[in-house]
Structures are given as C-alpha cells and as structure tokens.
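Below is one structure, written out as structure tokens; comments come after it.
Protein chains: 2
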Amino acid sequence: MKNPNVNKQRVERPKRILEAASRLSTHYGFDKTTVDEIAKEAGVSKGAIYLVWPGKEELIDALIEFEMKKVVLDLRTRIIDDQTNDSMAALYRHTLLAIQHNPLVSALYTRNGKVLGDFVHRQDPERYTKRLLMSKESVAAMQSAGLLREDHSPEVITYVFSLLALGFLSISSVIPEQNAPPIESTVEAIAAMVESGLTQKGGSRKLIKESALQMLDLMIEQYENRGTNDN
Amino acid sequence: MKNPNVNKQRVERPKRILEAASRLSTHYGFDKTTVDEIAKEAGVSKGAIYLVWPGKEELIDALIEFEMKKVVLDLRTRIIDDQTNDSMAALYRHTLLAIQHNPLVSALYTRNGKVLGDFVHRQDPERYTKRLLMSKESVAAMQSAGLLREDHSPEVITYVFSLLALGFLSISSVIPEQNAPPIESTVEAIAAMVESGLTQKGGSRKLIKESALQMLDLMIEQYENRGTNDN
DNA sequence: ATTTGACCAAAATCGTATAATTGGTCAAAA
DNA sequence: TTTTGACCAATTATACGATTTTGGTCAAAT
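Protein chains in written order, with our numbering: chain A, 13 to 243; chain B, 13 to 243.
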C-alpha cells in the first residue's frame with residue numbers, strides 16, 4: 013500500500029486480463045480460448061484470474077460488459093468529435109460504425125456462432141441480448157422531444173433500428189466484401205434513409221446531440237456501477 | 013400417350029416430387045431429408061426421382077429454383093392485386109413479405125444452417141447466392157426512369173436493399189416474435205423509410221408497377237426456360 | 001416403355017475405450 | 001498477504017470398429 017505503483021498494478025490487472033481475453037476471443041472464439049491462455053497472454057498466473065472472478069462464465073460476462081462499454085465510449089467520442097453534423101443520421105451512422113468496429117460486440121449482435129461458441133448460447137438466451145441501440149424508452153423520449161416521427165410506435169422504430177443494424181452487420185457474410193460498395197457510402201445511404209424516413213423535420217440539432225450524450229453517459233455510469241459491485 | 017390423364021400425370025410428377033421435397037426440407041432441412049422419404053411423401057418410388065434428376069444435388073438445385081419461382085409468382089400477384097398503392101414503398105413491402113412467406117427461400121437468404129444443412133454450403137458458395145431482390149441493373153434503370161434517387165450509386169442502393177431484407181428476415185432469431193411489434197407495422201415503417209429515403213419524388217406511379225412487373229416477367233421467363241432444358 | 005423396390009457400396013452414425021485438454025483448487029513460494 | 005503453477009477431476013477430443021443409414025443402380029415387374 014506504500015508504493016502507489018503496486019496499487020495501480022492491482023486495480024489495472026482485471027483490465028489487463030480482460031484485454032487479453034478480448035484479443036484471444038476475437039481471434040479464436042470464447043470456446044477455443046482457455047483460461048490458461050488468457051493468463052499467459054495477460055502475463056499473470058491462472059490463479060490470478062480466479063482471484064478476480066469465480067469462474068470462466070463470470071469472466072465472459074465481464075468481458076462482454078467491458079467490450080460493450082468500449083463501444084459506448086467509442087460512440088461517445090465519435091459523437092463529440094463530429095462537430096459538423098449533429099443530425100439523427102449522424103447519430104445512427106456513428107452507432108453503426110462504433111458497433112462494427114468492435115468484433116466481439118459485433119459477433120454478439122449478429123449471433124456469430126464462430127466467435128461466441130456454444131458457451132454463450134448454453135445459458136438462458138436472453139442473457140446476452142442486451143440492448144446497445146436506443147431503447148424503446150429513449151425512442152419515446154426523442155419522439156416527445158420532436159426529434160423522431162410520431163406516426164410509428166416507439167416499439168416499431170426501435171425494432172427497425174435493430175433490424176437495420178443487424179442487416180448492416182451481417183450482410184458481409186452473404187455478400188463478400190469485395191463485391192460490396194465502400195462502407196462509408198453504405199452507411200451514408202442508411203443514415204440518409206433514417207434521417208428522411210424516421211426523423212421529424214425541424215427538430216433541434218443541439219437537442220439531438222445533447223440527449224444522445226445524456227443517454228450514453230447514463231449507460232457508462234451503469235457500467236461503472238456494475239463494475240464496482242461484487243462479482 | 014392415348015390417355016391424356018397419363019400424360020398429365022407424367023408432366024406433373026416432377027412438380028409433385030418437388031412439393032414433397034419442399035414440405036420435408038422446410039421441416040427437417042435438406043440434410044435430414046432422404047431421397048426415400050421424398051419419394052414416399054410424393055407417392056412415387058425412389059427410382060422415379062432418379063428418372064428426373066441425376067442425383068440429390070440436382071434435385072436440391074431444382075427445388076431451390078422451384079421455390080424461387082414460387083416467390084416471384086407470389087410477388088407478382090401481390091403487386092397486381094394491390095391496386096391502391098403503386099409506390100416504391102409498396103413494391104418493397106410486397107417483396108419482403110413474399111420472401112418471408114417462403115421458408116426455404118427465407119432460409120436461403122438468411123443462410124439458416126438448420127434448414128440448408130452442410131449440403132448447400134459444401135458447393136461453391138456463390139452457387140445459391142442468387143439475387144432475388146432488384147439487381148444493380150434494375151436499380152440503375154429505375155434511377156434513369158426517375159423512380160429512384162440518383163445521389164447514391166446503383167451498387168449502394170442494391171446493397172442497402174439487400175441488407176435491409178436480410179435484417180428483416182433474420183431479426184426474429186435475435187428478438188423473439190413475442191417481443192416484436194406486428195409484422196405489418198414493421199414492414200410499413202421499413203417501406204415508408206425506403207419511400208422517403210431512396211425514391212425520387214414525382215416519379216410516375218404507373219411506371220413503377222409497369223417496370224416491376226416487366227422485371228418479374230423476365231425472371232419468370234428465365235425460370236421457365238431453365239426448367240425446360242435438360243437436367 | 002415405364003416404373004419399381006430389393007440391393008449394394010459408400011457414407012454417416014453410434015458405441016466405446018483411450019488420450020488430451022481444460023476449468024478449477026490449494027499448498028507452497030514470493 | 002498476495003500470487004503462483006503443479007496438480008486433479010471432469011469434460012472434451014480422438015481413434016476406430018461395428019452398425020445403420022442413405023444415395024444411387026438396375027433386373028424384374030407392370
């Protein structure tokens with residue numbers, strides 16, 4: 013406790029382990045990645061992992077949360093950095109790209125069995141069906157704020173957002189990337205479609221960015237609280 | 013040859029076999045369905061099947077063509093019957109519903125391994141990636157005719173059409189149907205989105221229907237020619 | 001001239017004994 | 001006190017022979 017380096021080392025260790033697990037899992041899948049390999053990759057012993065989590069299952073849980081948080085943080089900076097275009101389209105575009113940029117979350121979303129393995133599926137199927145896209149509630153809130161059209165129910169809009177993302181993320185396995193147009197133009201077209209088809213004209217651009225960031229900060233806060241808790 | 017019933021019986025038999033194969037394959041998948049079972053279900057002997065096709069592989073090929081043709085015919089009647097709404101939105105809506113209505117084609121589109129089995133994947137992967145949705149060429153033609161927006165390339169629009177359909181068809185495996193909004197409202201929202209996001213305002217409604225039917229008739233003709241050929 | 005179904009070789013499946021791997025533990029080292 | 005890694009039980013992979021299933025054939029029946 014005297015040496016702050018030791019303390020820092022200790023609090024950063026779970027993170028290092030998760031990063032190792034992330035690297036290996038994206039490459040070989042959850043099932044094919046062993047606890048031993050993760051330990052080796054993280055430069056710690058196997059026992060050290062069991063000092064943090066009671067079992068591999070809980071490690072995977074933590075890994076998924078970790079990756080989801082990374083995506084949310086990535087999305088946050090994408091939105092903040094983009095100062096030229098505070099539109100609903102831009103918001104959705106950044107969301108798609110942020111998810112696509114993260115292989116594990118992408119696999120989780122598309123239910124890619126190769127990466128997820130049987131591991132994740134064995135449990136109750138609902139467990140990993142966490143919402144990354146806007147929730148029904150957020151959509152409803154945005155409708156009230158005059159940002160999204162109100163002639164579709166929040167359920168339907170949320171559903172369309174999801175299916176659009178799913179299609180975007182899975183299409184590469186049907187149409188090989190070499191036959192596909194550049195991602196940028198695709199995302200651009202999707203975003204434009206969402207903009208003209210689902211948003212309310214004349215909504216405050218400032219409000220869009222604000223409420224999006226508010227939503228994300230809430231999610232980040234939730235991740236942080238959960239991470240602090242026992243597990 | 014004297015009795016016309018015999019002749020009719022003969023020409024209809026391949027169809028009966030395909031229908032039997034269709035029934036069994038949608039239920040058990042290609043792999044789990046045996047040639048013998050198909051013969052039993054169709055009320056013919058196994059040899060009779062080999063009188064029509066040289067092997068199971070060719071039977072599956074024929075089955076897929078058969079189902080695709082069914083979808084195209086279904087789509088055709090949907091479009092013709094819908095006299096109230098000759099919009100691009102309606103066209104796309106009918107397409108989605110027609111595909112979704114056919115389990116085999118739906119499985120082919122979403123690459124559902126349970127139904128397709130290893131059988132279809134063993135071959136060159138391109139083989140069964142036939143376009144059902146509008147081709148690049150059709151899209152380009154519709155752009156020239158002022159029906160689709162020209163600020164996206166034909167490739168991008170085709171790609172977005174595909175990914176949207178893929179998302180629509182696969183979402184049920186991620187979000188269970190009980191948690192989903194009614195299909196009608198979903199399709200409605202998607203169609204509205206396509207309409208406002210990808211179509212050119214002021215395009216002739218008559219032209220939309222006309223060119224759609226023209227395209228479908230061309231496809232049907234192609235199926236018919238192929239069916240007449242040797243195999 | 002057609003159609004059938006018993007028949008066959010090849011492939012898939014099953015049963016199982018053996019070997020290798022892996023999640024998890026804990027006495028010992030640091 | 002904290003961390004490690006040899007160790008173990010249990011699960012999973014492998015090998016392989018026996019058994020069943022299945023795609024495909026063809027002499028016989030219709």
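Positions of the beta carbon are idealized from the N, C-alpha and C atoms, including for glycine.
{"Query": "Would you kindly work out how many angstroms separate the C-alpha atoms of leucine 120 of chain B and lysine 81 of chain A, rounded to a whole number?", "Result": "35 Å"}
{"Query": "Can you say whether serine 57 of chain B is buried or exposed, counting buried as having 16 or more other CB atoms within 10 angstroms of its CB?", "Result": "exposed"}
{"Query": "By how many angstroms is the C-alpha of serine 156 of chain A removed from the C-alpha of threonine 211 of chain B?", "Result": "28 Å"}
{"Query": "If contact means a Cβ-Cβ distance below 8 Å, which residues of the segment 99–112 of chain B contact chain A?", "Result": "none"}
{"Query": "Give the C-beta separation of serine 99 of chain A and arginine 217 of chain A to the nearest angstrom, bearing in mind that I take them to be a contact with Cβ-Cβ under 8 Å.", "Result": "6 Å"}
{"Query": "Out of B:Glu236, B:Asn124, B:Thr96 and B:Arg238, which one is the CA nearest neighbour of serine 182 of chain A?", "Result": "B:Asn124"}
{"Query": "Buried or exposed for asparagine 114 of chain B, going by 16 or more other Cβ atoms inside 10 Å?", "Result": "buried"}
{"Query": "For leucine 12 of chain B, which beta-bridge partners are listed by DSSP?", "Result": "Chain B is shown from 13 up to 243; residue 12 of chain B falls before or after that span and cannot be answered."}
{"Query": "Can you give me, in chain order, the residues of the segment 58–81 of chain A that have a beta carbon less than 9 Å from any beta carbon in chain B?", "Result": "none"}
{"Query": "Taking CB distances under 8 Å as the criterion, tell me whether methionine 231 of chain A reaches chain B.", "Result": "no"}
{"Query": "Could you name the residues of chain A that arginine 25 of chain B contacts, counting a contact when the two beta carbons are closer than 9 Å?", "Result": "Neighbours of arginine 25 of chain B on chain A: none; closest Cβ ~34 Å, over 9 Å."}
{"Query": "How long is the line joining the alpha carbons of asparagine 191 of chain B and serine 165 of chain A, rounded to whole angstroms?", "Result": "14 Å"}
{"Query": "Could you check how far apart the C-beta atoms of leucine 108 of chain B and isoleucine 202 of chain B are, in whole angstroms? I think they sit under 8 Å.", "Result": "7 Å"}
{"Query": "With a threshold of 16 other CB atoms inside 10 Å of the CB of glycine 9 of chain B, please say whether the residue is buried or exposed.", "Result": "Absent from the model: residue 9 of chain B. The displayed extent of chain B is 13 to 243, so no value can be given."}
{"Query": "Contact between the segment 193–207 of chain B and the segment 165–180 of chain A: three or more CB pairs below 8 Å?", "Result": "yes"}
{"Query": "Just the chain A side, please: which residues come within less than 9 Å of isoleucine 183 of chain B by C-beta, in chain order?", "Result": "Tyr171, Ser174, Leu175, Leu178 and Gly179"}
{"Query": "Expressed to the nearest angstrom, what Euclidean distance is found between the alpha-carbon atoms of threonine 46 of chain A and glutamate 24 of chain A?", "Result": "21 Å"}
{"Query": "Using a C-beta to C-beta distance shorter than 9 Å, which residues of chain A count as neighbours of methionine 205 of chain B?", "Result": "Val172, Leu176, Met205, Val206, Ser208, Gly209 and Leu210"}
{"Query": "Could you have a look at serine 150 of chain A and say whether DSSP puts it in helix, strand or coil?", "Result": "helix"}
{"Query": "Pull out every residue of the segment 146–167 of chain A whose Cβ sits closer than 7 Å to any Cβ of chain B, in chain order.", "Result": "His164, Ser165 and Glu167"}
{"Query": "Within this structure, are the beta carbons of phenylalanine 180 of chain A and leucine 160 of chain B separated by less than 8 Å?", "Result": "no"}
{"Query": "Quick check on aspartate 95 of chain A: does DSSP put it in helix, strand or coil?", "Result": "It is glutamine, not aspartate, that sits at residue 95 of chain A in the sequence shown. In the structure shown, glutamine 95 of chain A sits in coil (DSSP, three-state: anything other than H, G, I, E or B)."}
{"Query": "Given a threshold of 16 other Cβ atoms within 10 Å of its Cβ, counted over all protein chains shown, does valine 18 of chain A qualify as buried or as exposed?", "Result": "Since pLDDT at valine 18 of chain A reaches only 46, below the 50 mark, its modelled position is unreliable, and the value read off the structure follows with that caveat. Burial call: exposed."}
{"Query": "Can you name, in chain order, every residue of its own chain whose Cβ lies under 8 Å from the Cβ of phenylalanine 42 of chain A, other than the five neighbours on each side?", "Result": "Ile72, Val127, Leu128, Gly129, Phe131 and Val132"}
{"Query": "Does the distance from the C-beta atom of glycine 215 of chain A to that of alanine 204 of chain B stay below 8 Å?", "Result": "no"}
{"Query": "Which residues of the segment 190–205 of chain A have a Cβ closer than 7 Å to any Cβ of chain B? Give them in chain order.", "Result": "Ala192, Pro193, Ser197, Thr198, Ala201, Ile202, Ala204 and Met205"}
{"Query": "Looking at the structure shown, is glycine 67 of chain B part of a helix, part of a strand, or coil, going by DSSP?", "Result": "coil"}
{"Query": "So is lysine 213 of chain A in contact with chain B if we call contact Cβ pairs under 8 Å?", "Result": "no"}
{"Query": "What's the gap between the Cα of glycine 55 of chain A and the Cα of phenylalanine 173 of chain A?", "Result": "41 Å"}
{"Query": "Can you tell which of A:Ile29, A:Glu79, A:Ala101 and A:Ser223 has the C-alpha that lies nearest to the C-alpha of leucine 63 of chain A?", "Result": "A:Ile29"}
{"Query": "What do you get for arginine 7 of chain A, buried or exposed, if any count of 16 or more other CB atoms within 10 angstroms of its CB means buried?", "Result": "Nothing can be reported for residue 7 of chain A: it is not among the residues displayed for chain A, which extend from 13 to 243."}
{"Query": "For arginine 123 of chain A, return the contacting residues in chain B, with the cut-off set at a CB-CB distance below 8 Å.", "Result": "Ser185 and Val186"}
{"Query": "Would leucine 145 of chain A and valine 186 of chain B be called neighbours here (beta carbons separated by less than 8 Å)?", "Result": "no"}
{"Query": "Beta carbon of leucine 116 of chain B, beta carbon of isoleucine 220 of chain B: below 8 Å?", "Result": "no"}
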